[in-house]
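Numbering-wise (the numbering used here), the sequence shown opens with residue 25 and increments by one. Have a look at the structure below before the remarks.
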Amino acid sequence: MKKFSKKLLAVVLCVTLAFGMTAMSTAAEDTIEIKRVSCTFNGDSQTSRGFCWYTEEYTDADVQIVKTADFDGTFANAVTYSSDNVYTHRDQFCHKVTASDLEAGTAYTYRVGDKSENIWSDAGTFVTDDGDDQFSFITIADVQASSDENFMEASETLKGAVETLPESEFTITLGDYVNDNTNEEWDWYFKHFEFSNMNTTSAPVAGNHDGNITNKLNINVFNSMFNLSNEDTDSNVNWVNGVYYSYDYGNAHFAVLNTNDMYPMTQSQRNWLVNDMTASDADWKFVVMHRALYSQGKNINKPDTIIMRNVLIELFDELDIDLVYAGHDHVYYRSHPVKGDEVVDNVTYVTENYKGEEITFANNPDGTVHILPSTAGTKRYGINEDAIDPIGEACAFHLSTRDMGGCFMTTVVDGDKVIIKSYLVDDETQDISLIDQYAIKKDLSQKIDFEPTDLPTDNASNIDDYISNIVTEIIGMLYSYIAVLLPQAIKGLF
Ligand SMILES: [Fe+2]
25 MKKFSKKLLA VVLCVTLAFG MTAMSTAAED TIEIKRVSCT FNGDSQTSRG
75 FCWYTEEYTD ADVQIVKTAD FDGTFANAVT YSSDNVYTHR DQFCHKVTAS
125 DLEAGTAYTY RVGDKSENIW SDAGTFVTDD GDDQFSFITI ADVQASSDEN
175 FMEASETLKG AVETLPESEF TITLGDYVND NTNEEWDWYF KHFEFSNMNT
225 TSAPVAGNHD GNITNKLNIN VFNSMFNLSN EDTDSNVNWV NGVYYSYDYG
275 NAHFAVLNTN DMYPMTQSQR NWLVNDMTAS DADWKFVVMH RALYSQGKNI
325 NKPDTIIMRN VLIELFDELD IDLVYAGHDH VYYRSHPVKG DEVVDNVTYV
375 TENYKGEEIT FANNPDGTVH ILPSTAGTKR YGINEDAIDP IGEACAFHLS
425 TRDMGGCFMT TVVDGDKVII KSYLVDDETQ DISLIDQYAI KKDLSQKIDF
475 EPTDLPTDNA SNIDDYISNI VTEIIGMLYS YIAVLLPQAI KGLF
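This is the structure we're talking about:
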């Protein structure tokens, strides 16, 4: 009898457990999925972060944040940040919350979701800037995949980057996250890049495939994928196809441009860049953008690029920009220092031991270096040998990464030194190899004193102005395009 009771009890327990597990899995299936989670720069990099995520059903927008040092596996000690910034975007719900009272130089753990319904994402992490002059970051470009498999392959490149530079404090992605800008592609992107987007701070850059007005137009897509802020553009229709913004990190200032913002770029964005850069007394000044001004890819001779070069090169010289990180052309390219659209020919170099490694530094060079880290993805282009003058002559190193691997770049900033290393992750073996290296040592006592005066404005705050600006810019663009290319075409005939 005792034996029978034990058997009966075992059966009852098994049945109960089986039903219980079924009930649990049903509950899990009913749980609303939280997806596309990102943590981005939004305001002061020492104290503030923007969070964005999606659900397919309505939920509130809450973020719980706790210092990682105090994280015990629960969020019992977390501070909850909430917002009513939840809106429908392409049949799904976009949520944005900004936390702006964080502590500098602190590692945080967070989750996003809905506190009242107790629906949460997995735990993510990020660190805030401690404000000192030592930090490092990762840069990739043009994931631009259009299948689940290709997003997965591109994510291997970023995994290689994190493995190479685990102390990286943020990741810059230079635009063209997707190819056809569909909901499905964005889901694939965020699924495969979740390991990074949820575990560092991202600095996103708008690419033309991410909602450009003449290419895969779906308005407000980029703006709705990330929680970014720029007071200059908060009420501006430029939000339809991208966002421009800036942030300080350590002793550097980063201006992230929106190269979808009309052609050759609205005067209001150019004005913003001038005011933004001149307001900063950072030791290093970096510009981050999608369309490249110097490269040897297939887009370099196109009208939009040529016209953008005409307006931006002069500004970069005036603003004393040290480095420009760009994408769009899916080839690796690094220029010599350039100024006035010419190679700076008096650069000297010094080799020093830096942390056990012999590094050759460009010694306080004049001018700006432009770098494209090819593509993290699998859509790789060949070298365009016919880039308009003087882009070919300005090239210090270029490489088509076709049939080779995905490319990523690491940047280490250490006081008066910047060291950039570029790597490939082999398609077949996943082995990581260094393909290029460039370093600068700068005299930080020399700072420019450029005061902008009487900046013109075409602030496109309403749609009529915006259309009028586009027409004016297109006419100007065609004129300049002919003026630049016609002489070269004639020259090529003889
Ligand atoms: Fe592009």
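Where a beta carbon is used, it is the ideal one built from N, C-alpha and C, also for glycine. Model, not experiment: these values are computed from the prediction.
Original post:
In or out: F219 buried (at least 16 other Cβ within 10 Å) or exposed?
Top reply: For the purposes of this step, residue 219 is identified with residue 195 of the sequence shown, where counting begins at 1. By the 10 Å Cβ count, F219 comes out exposed.
Subject >> Selection from T149, I89 and R135 that minimises the alpha carbon distance to S124 >> reply: Here residue 124 is taken as the residue at index 100 of the sequence shown, counted from 1. Of T149, I89 and R135, the residue nearest in Cα terms is I89.
**OP:** State yes or no: is the C-beta of N530 nearer than 6 Å to some heavy atom of ligand 1?
**Re:** As displayed, the chain neither begins before 25 nor continues past 518, which places residue 530 out of reach and without an answer.
Original post:
Are the beta-carbon atoms of V167 and A178 separated by less than 7 Å?
Top reply: Numbered from 1 along the sequence shown, position 143 holds the residue referred to as residue 167. Numbered from 1 along the sequence shown, position 154 holds the residue referred to as residue 178. Against a cut-off of 7 Å, the Cβ pair of A178 and V167 comes out as a contact.
**OP:** Measure how close the beta-carbons of T224 and S192 come, nearest whole angstrom, since I'm counting them as under 8 Å.
**Re:** The residue you call residue 224 lines up with position 200 of the sequence shown. The residue you call residue 192 lines up with position 168 of the sequence shown. Indeed they touch by this definition, with Cβ atoms about 7 Å apart.
Original post:
From G391 to Y268, what does the alpha carbon distance come to, in whole angstroms?
Top reply: Locating residue 391 in the sequence shown gives position 367, where the first residue counts as 1. Locating residue 268 in the sequence shown gives position 244, where the first residue counts as 1. Cα to Cα, G391 sits roughly 23 Å from Y268.
Original post:
Going by other Cβ atoms of all chains shown within 10 Å of its Cβ, with 16 needed for buried, is N101 buried or exposed?
Top reply: To locate residue 101, count along the sequence shown from 1; it is residue 77. The residue is exposed, with fewer than 16 neighbouring Cβ atoms inside 10 Å.
**OP:** For E381, write down the residues that DSSP places opposite it in a beta bridge.
**Re:** The residue you call residue 381 lines up with position 357 of the sequence shown. Looking at the DSSP assignment, E381 forms a beta bridge with Y378.
Subject >> Range covered by the alpha helix (DSSP H) that runs through H216 >> reply: The residue labelled residue 216 in the question sits at position 192 within the sequence shown. Its alpha helix (DSSP H) spans residues N207 to H216.
Original post:
Buried or exposed: N265, going by 16 or more other Cβ atoms within 10 Å of its Cβ?
Top reply: Looking up residue 265 in the sequence shown gives position 241. Buried, because 16 or more other Cβ atoms sit within 10 Å of the Cβ of N265.
Subject >> Sequence-distant residues of its chain with Cβ nearer than 8 Å to D440 (five each side left out) >> reply: In the sequence shown, counting from the first residue as 1, residue 440 sits at position 416. Take D440, set aside five residues on each side of it, and the residues of its chain with a beta-carbon closer than 8 Å to its own are D307, K465, K466, D467 and L468, in chain order.
**OP:** Taking only heavy atoms of ligand 1 into account, decide whether any of them is closer than 6 Å to the Cβ of D200.
**Re:** What you label residue 200 is simply residue 176 of the sequence shown in a count that begins at 1. Under cutoff, so the answer is yes.
Original post:
Taking Cβ to Cβ, would you say S398 is nearer than 7 Å to Y349?
Top reply: As a position in the sequence shown, residue 398 is number 374, starting the count at 1. As a position in the sequence shown, residue 349 is number 325, starting the count at 1. No, these two residues do not count as a Cβ contact at 7 Å.
**OP:** Take N109 as the anchor and find which of G364, D96 and A85 has the nearest alpha-carbon.
**Re:** Position 85 of the sequence shown holds residue 109. Here the closest residue by C-alpha is A85.
Subject >> Any non-hydrogen atom of ligand 1 closer than 6 Å to H352 Cβ >> reply: Position 328 of the sequence shown, counted from the first residue, corresponds to residue 352. Indeed, a heavy atom of ligand 1 lies less than 6 Å from the Cβ.
**OP:** Measuring alpha carbon to alpha carbon, tell me which of I395, L339, F99 and D94 ends up nearest K139.
**Re:** Within the sequence shown, numbered from 1, the residue matching residue 139 stands at position 115. Closest option to K139, Cα to Cα, is F99.
Original post:
Sorted by chain position, which residues of the same chain lie with C-beta nearer than 7 Å to F161's C-beta, five sequence neighbours on each side aside?
Top reply: On the sequence shown, position 137 is the one that residue 161 refers to. Within the same chain, F161 has close Cβ partners S192, E193, F194, T195, I196 and T435.
**OP:** Might you give, ordered along the chain, the residues of its own chain that have their beta carbon closer than 7 Å to the beta carbon of E376, omitting 5 neighbours on each side?
**Re:** For the purposes of this step, residue 376 is identified with residue 352 of the sequence shown, where counting begins at 1. Within the same chain, E376 has close Cβ partners I383 and F385.
Subject >> Assigned secondary structure, E127 (DSSP; H/G/I helix, E/B strand, else coil) >> reply: Your numbering for residue 127 matches position 103 in the sequence shown. It is coil, neither helix nor strand.
**OP:** Report the residue from D451, E452, D438 and M433 whose alpha carbon sits nearest the alpha carbon of L458.
**Re:** The residue labelled residue 458 in the question sits at position 434 within the sequence shown. Closest option to L458, Cα to Cα, is M433.
Original post:
In its own chain, which residues sit with a C-beta less than 8 Å from the C-beta of L510, not counting the 5 before and 5 after it?
Top reply: Stepping through the sequence shown from its first residue, residue 510 is reached at position 486. Result list for L510: empty, nothing under 8 Å.
Subject >> Member of T79, V367, H352 and I444 whose CA lies at the smallest distance from the CA of R524 >> reply: No answer is possible for residue 524: the residues shown for the chain start at 25 and end at 518.
Original post:
Enumerated in chain order, which unbroken segments of the alpha helix (DSSP H) with a length of 4 residues or greater are wholly contained in the stretch 248-331?
Top reply: Those alpha helix (DSSP H) runs which fall completely within the stretch 248-331 and span 4+ residues are 291-302.
Original post:
Are the CB atoms of V362 and G184 nearer to each other than 7 Å?
Top reply: Residue 362 sits at position 338 when you count from the first residue of the sequence shown. Residue 184 sits at position 160 when you count from the first residue of the sequence shown. Not a contact, by the Cβ cut-off of 7 Å.
**OP:** Enumerate in chain order the residues of its own chain whose CB-to-CB distance from T46 is below 7 Å, with the five nearest sequence positions on each side excluded.
**Re:** Here residue 46 refers to the residue found at position 22 when the sequence shown is read from its first residue. Low per-residue confidence applies at T46: pLDDT is 38, beneath 50, and the placement is therefore not dependable enough to give any value.
**OP:** Assign G231 to one of two classes, buried (16 or more other C-beta atoms within 10 Å of its C-beta) or exposed (fewer than that).
**Re:** For the purposes of this step, residue 231 is taken as the residue at position 207 of the sequence shown. Counting Cβ neighbours within 10 Å, G231 comes out buried, since at least 16 surround it.
Original post:
On the premise that T79 lies in contact with S73, defined as a C-beta separation below 8 Å, what is that separation, rounded to the nearest angstrom?
Top reply: Translated into the one-based positions of the sequence shown, residue 73 becomes position 49. Translated into the one-based positions of the sequence shown, residue 79 becomes position 55. In the sequence as presented, Ser is not what sits at residue 73; that position holds Arg. That pair is no contact at about 20 Å.
Original post:
Distance, Cα to Cα, T250 vs P228?
Top reply: The residue you call residue 250 lines up with position 226 of the sequence shown. The residue you call residue 228 lines up with position 204 of the sequence shown. First, the residue type needs correcting, since residue 250 is Phe and not Thr in the sequence shown. C-alpha separation (whole angstroms): 8 Å.
Original post:
Excluding five sequence neighbours on each side, which residues of the same chain lie with their C-beta closer than 6 Å to the C-beta of T163?
Top reply: Your numbering for residue 163 matches position 139 in the sequence shown. For T163, where only same-chain residues beyond five positions count, the Cβ hits under 6 Å are I196, Y349, P397 and M433.
**OP:** Could you tell me how far apart the beta carbons of G67 and S253 are, in whole angstroms, since I believe they sit closer than 8 Å?
**Re:** Here residue 67 refers to the residue found at position 43 of the sequence shown. Here residue 253 refers to the residue found at position 229 of the sequence shown. With a Cβ gap of about 6 Å, G67 and S253 count as contacting.
Original post:
DSSP on I514, reduced to helix/strand/coil?
Top reply: The count along the sequence shown starts at 1 and reaches residue 514 at position 490. Helix at I514.
Subject >> Pick from A131, T83 and R114 that is closest to K91, judged by C-alpha positions >> reply: To locate residue 91, count along the sequence shown from 1; it is residue 67. Residue A131 is the option with its Cα nearest to K91.
Original post:
How big is the Cα-Cα spacing for A42 and F310?
Top reply: For the purposes of this step, residue 42 is taken as the residue at position 18 of the sequence shown. For the purposes of this step, residue 310 is taken as the residue at position 286 of the sequence shown. Confidence at A42 is low in this model, with a pLDDT of 43, below 50, so its placement is unreliable and no value can be given for it.
**OP:** May I have the straight-line CA-CA distance separating F246 from V374, to the nearest angstrom?
**Re:** Counting from one through the sequence shown, the residue named residue 246 turns up at place 222. Counting from one through the sequence shown, the residue named residue 374 turns up at place 350. Going by the C-alpha atoms only, they are around 42 Å apart.
Subject >> As assigned by DSSP and simplified to three states, the class of T83 >> reply: Along the sequence shown, one-based indexing puts residue 83 at 59. DSSP places T83 in coil when its eight states are reduced to three.
Original post:
For Y82, does the count of other Cβ atoms within 10 angstroms reach 16, so buried, or fall short, so exposed?
Top reply: By one-based count along the sequence shown, residue 82 stands at place 58. So Y82 ends up on the exposed side.
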